[in-house]
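In our numbering, the protein residues as written are 112 to 290. Here a beta-carbon is modelled for each residue, glycine too, at the ideal position from N, C-alpha and C.
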Amino acid sequence: MRTSPPPKHPSAHRSPFKRQGGVAAVEFAIISLLFFTILFAILEFGRMLYVYNTMQEVTRRAAREAVVRWTNQESAVKSLALFGGTSLPAGAEVTSGNISISYLTKSGAAVNPPPLSPGDNISACGDADRAPISCIYSVRVSIENVTYSPMVSLFSFLNIGLPTSVVTMHAESMGFNGN
Numbered sequence: 112m113r114t115s116p117p118p119k120h121p122s123a124h125r126s127p128f129k130r131q132g133g134v135a136a137v138e139f140a141i142i143s144l145l146f147f148t149i150l151f152a153i154l155e156f157g158r159m160l161y162v163y164n165t166m167q168e169v170t171r172r173a174a175r176e177a178v179v180r181w182t183n184q185e186s187a188v189k190s191l192a193l194f195g196g197t198s199l200p201a202g203a204e205v206t207s208g209n210i211s212i213s214y215l216t217k218s219g220a221a222v223n224p225p226p227l228s229p230g231d232n233i234s235a236c237g238d239a240d241r242a243p244i245s246c247i248y249s250v251r252v253s254i255e256n257v258t259y260s261p262m263v264s265l266f267s268f269l270n271i272g273l274p275t276s277v278v279t280m281h282a283e284s285m286g287f288n289g290n
């Protein structure tokens with residue numbers, strides 16, 4: 112009497128490719144996790160460079176506005192430097208509170224006492240006695256205490272302090288209109 116061989120497991124009749132169907136899904140999951148982590152890291156690095164470069168531009172814009180406006184218009188100067196807002200678009204880390212404006216004498220010291228008006232500044236600069244202490248010769252604008260905060264929570268531990276940006280420009284009209 113002839114005995115038949117024992118029945119084979121049902122998966123034994125499948126081709127080798129069908130047996131690895133689940134492996135491909137696991138490999139895809141692992142690779143996609145790595146891919147998206149690297150992709151988001153590149154995006155965050157790009158955003159950090161955007162915030163850093165735009166900090167430099169905001170500082171330059173603020174200094175440019177400050178040398179043509181009088182000292183009582185600091186809030187307008189800060190708003191114009193931040194492209195019309197109170198914080199940087201797509202970079203909420205930079206706000207008007209981070210911007211500091213200093214009015215300096217020719218020696219680089221703070222103006223003390225400050226002139227009362229743009230016309231008074233012109234007369235102070237022409238007066239040999241008042242010029243060393245009351246003439247606004249230049250304007251220094253700085254953006255300080257900016258910490259980059261990533262948008263993706265995966266990198267939330269990477270709060271990076273950005274360097275201070277400083278621009279000093281020679282005073283121009285300081286709001287003087289000739290009237």
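Neighbourhood of residue i by C-beta distance below 8 Å, restricted to the same chain and skipping five residues each side
i       : result
Ala-152 : Phe-266
Pro-229 : Trp-181, Ser-284, Met-285, Gly-286, Phe-287, Asn-288
Glu-155 : Pro-261, Met-262, Val-263, Phe-266, Leu-269
Pro-224 : Ile-244, Ser-245
Ala-187 : Glu-176, Arg-180
Whether residue i touches residue j by CB criterion (8 Å)
i       : j       : result
Ser-218 : Ile-254 : no
Ala-282 : Tyr-248 : yes
Ala-203 : Lys-189 : no
Met-159 : Asn-232 : no
Asn-310 : Asn-256 : Since the displayed the chain opens at 112 and closes at 290, residue 310 lies outside it and no answer follows.
Leu-193 : Ser-207 : yes
Beta-carbon proximity list for residue i, same chain, < 6 Å, skipping 5 on both sides
i       : result
Asn-293 : No answer is possible for residue 293: the residues shown for the chain start at 112 and end at 290.
Gly-272 : Thr-258
Glu-185 : Ile-212
Leu-191 : Glu-176
For residue j and residue i, believed in contact at Cβ under 8 Å, the rounded distance
i       : j       : result
Arg-251 : Ser-213 : 4 Å
Thr-216 : Cys-246 : 6 Å
Val-205 : Val-263 : Not quite, the Cβ-Cβ distance comes to about 19 Å (not below 8 Å), so this is no contact.
Ala-235 : Pro-226 : 5 Å
Q: Indicate whether the contact test is met: 3 or more Cβ pairs, each with one atom in the region 160 to 178 and one in the region 191 to 200, closer than 8 Å.
A: yes
Q. Can you list, in chain order, the stretches of the beta strand (DSSP E) that have 3 or more residues and sit fully within the region 235 to 264?
A. 249 to 254, 257 to 259
Q | Ranges of the beta strand (DSSP E) found wholly within the region 176 to 247, counting only runs of at least 3 | A | Taking 3 residues as the shortest admissible run, the region 176 to 247 contains the following complete beta strand (DSSP E) segments, listed from N- to C-terminal end: 202 to 206, 210 to 215.
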